[in-house]
Amino acid sequence: MLNARVEGIATATVKHPSLEGRRMVIVQAYGPDGVTPDGDPLLAVDAQYGAGVGQDVVITSDGAASREVLGSNTTPVRWTVLGVRDA
Numbered sequence: 135m136l137n138a139r140v141e142g143i144a145t146a147t148v149k150h151p152s153l154e155g156r157r158m159v160i161v162q163a164y165g166p167d168g169v170t171p172d173g174d175p176l177l178a179v180d181a182q183y184g185a186g187v188g189q190d191v192v193i194t195s196d197g198a199a200s201r202e203v204l205g206s207n208t209t210p211v212r213w214t215v216l217g218v219r220d221a
């Protein structure tokens with residue numbers, strides 16, 4: 135799990151069937167201090183929370199969680215939003 139900030143929304147006209155109707159967000163992971171970026175921005179699926187640009191979220195790369203949330207055993211999703219952090 136990583137702490138991240140939503141930097142934008144992604145759209146795609148052609149996508150895997152498991153992503154139909156799902157919201158994709160561009161997130162920037164941050165180090166423990168919450169200020170230092172940790173790597174490049176990532177694409178994550180926000181299937182349940184509707185996090186907006188600038189909100190802090192928790193993301194996971196757990197494939198089992200992604201498959202369960204999306205209801206697909208063949209989804210190509212790597213990152214999933216687990217929740218929105220409170221202030």
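Numbering-wise, the numbering used here comes out as the position in the sequence shown, counting from 1, plus 134.
Every residue gets a Cβ at the ideal spot worked out from N, C-alpha and C, and that includes glycine.
Evaluate residue i with the Cβ neighbour count: other Cβ atoms within 10 Å of its Cβ, from every protein chain shown; 16 or more gives buried, anything less gives exposed.
| i | result |
| --- | --- |
| Glu158 | In the sequence as presented, Glu is not what sits at residue 158; that position holds Met. Its Cβ being crowded by 16 or more others within 10 Å, Met158 is buried. |
| Ala198 | exposed |
| Val146 | Sequence inspection shows Ala at residue 146; the Val mentioned does not correspond to that position. Exposed, since its Cβ has fewer than 16 Cβ neighbours within 10 Å. |
| Ala144 | exposed |
| Val191 | buried |
Going by CA-CA distance only, name the one from the options that's closest to residue i.
| i | options | result |
| --- | --- | --- |
| Val218 | Thr194, Gly205, Arg212 and Thr208 | Thr194 |
| Ala138 | Arg156, Gly173 and Ser152 | Gly173 |
Less than 8 angstroms between the C-beta atoms of residue i and residue j, yes or no?
| i | j | result |
| --- | --- | --- |
| Val140 | Val187 | yes |
| Leu204 | Met135 | no |
| Ala181 | Arg156 | yes |
Determine which residues share a DSSP beta bridge with residue i and list them.
| i | result |
| --- | --- |
| Arg157 | Asp180 |
For this session: Only counting runs of 4 or more residues, tell me where the alpha helix (DSSP H) segments fall wholly within the region 187-211, in order along the chain.
Result: You should have 197-204.
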